Amino acid sequence: MKSFLVTCISLFLVFGAYAADLAGLEQKIADLQDDLTTGASDEIRDEASAKIRDLLVKAFAKEEAFEYPFDRFIAISTIKSPDNTFRLFNWVQPRLEGTFLYYAFVLLPQKGEYVELVDNQELSLEIENEELQPNNWYGALYYEIFPVKVRKENYYVLMGWDGNNSLSNKKVLDAIEFDKKGEITFGKAVFQTPDGMARRRVFEYAKSAILNLRFMQSKDAIVFDRLEPEKTGLAGQYAFYLPSTAYNGYKLNRDGAWDLIEFIDMSRPKSEEKGAEFNFPDKVNFDRHRNNTNPIRQ
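With mature numbering (1 follows the signal peptide of the UniProt record, and there is no 0) applied, the sequence shown corresponds to residues -19 to -1, 1 to 279, in that order.
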């Protein structure tokens, strides 16, 4: 009995020490968030991102990092896959010129195992059919993850936002796979389009607009606004595209791919109107206090 108590006390002290270490690292990262988002120069913001990156790597080496809440993070998003296969740590660094840099880690449940995503190319329509690796990532701020398991298919759908530039925003719908070694591939060809199966979908639209892109359980579908040019003659100039009053959607088929449904029916009973939310804010609120809910996780 005495031996059992000693063991329990030892474990309690060990886990308490891990939690204290993580809390210290978390606070150091939280203190860098103002420099990251509102630093007076790009050099200050670059330095903040570099320090955040190094501190996160140290945090990932701790036993409890996968489950630790990191509640002090406001400018840094952390979302977990519903099946607890991985956890995303993701942040955006605004540039003074009006563009954005993105950083991300995929943390695995095994102690110290993570994959770093490197923002190495532009998110554009040209890469809708490209298979990408973590070192050639397009950069985005992800806000939704959900797993797909149909027959032998096993992958994850990600939805993300890109502030792009002063004229337009973008959103991305992607599908990622893990192999047996835990390595990640971005861009599984599962999204139907009029031109065939795409590895991802990229939506660009006017800076002043808000594009809805969400999985809606009530419809059992991925739902998004149909985009149209603001005026005749602006076709292909996506900085002038706005959501119409109609929606498109994707429905999962028996083979684990997503069938495109144009003009999906979005009518719903009045009793559902009040709580029917699937919008994601297109302007990340960096001015919120750290004790508030992370706006990126909503």
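Beta carbons are placed, not taken as given, at the ideal position from N, Cα and C, and that holds for glycine.
Only a predicted model underlies this, so the values are computations on that prediction, with no experimental measurement involved.
Residue i - DSSP class collapsed to helix/strand/coil
i    : result
G141 : strand
I57  : strand
E107 : helix
K188 : coil
E158 : strand
V171 : coil
A179 : strand
E94  : coil
G79  : coil
T166 : strand
S30  : helix
Presumed contact (8 angstroms Cβ cut-off) between residue i and residue j, rounded CB distance
i    : j    : result
F41  : Y123 : The Cβ separation is near 18 angstroms, so there is no contact.
A171 : G237 : Here residue 171 is Val; the residue named in the question, Ala, does not match the sequence. The pair is a contact, with the Cβ atoms about 7 angstroms apart (cut-off 8 angstroms).
A202 : I157 : Not a contact, Cβ separation roughly 20 angstroms.
N150 : K188 : 6 angstroms
Sheet register partners of residue i (DSSP bridge)
i    : result
F196 : I203
G127 : Position check: residue 127 holds Phe in this sequence, whereas Gly was assumed. Beta-bridge pairing links F127 to V138.
F221 : None; F221 has no bridge partner.
K151 : D143, E185
R68  : K61, L88
I242 : G230
For residue j and residue i, the rounded distance between their alpha carbons
i    : j    : result
V99  : R235 : 34 angstroms
E134 : D155 : 15 angstroms
W239 : F184 : 17 angstroms
A1   : M197 : 39 angstroms
G191 : P224 : The sequence given here has Ile at residue 191, not Gly. So the two alpha carbons sit approximately 7 angstroms from each other.
I245 : K9   : 47 angstroms
E164 : F86  : 13 angstroms
Short CB-CB distance (under 8 angstroms) between residue i and chain C
i    : result
Y123 : Annotation note: the requested chain C is absent from the structure, which comprises a single protein chain.
Residue from the options whose Cα sits closest to the Cα of residue i
i    : options                : result
R180 : A202, K39, F244, Q114  : Q114
P90  : D2, S149, N65, R76     : N65
L77  : I60, S105, D23, E125   : D23
D16  : E28, E185, N150        : E28
L88  : Q14, G79, N71          : N71
S248 : L241, T226, E103       : T226
D143 : M178, R34, P128, G79   : G79
R26  : Y83, L208, Q74         : Q74
L3   : S30, N193, F54         : F54
K130 : N150, G120, F159, S149 : F159
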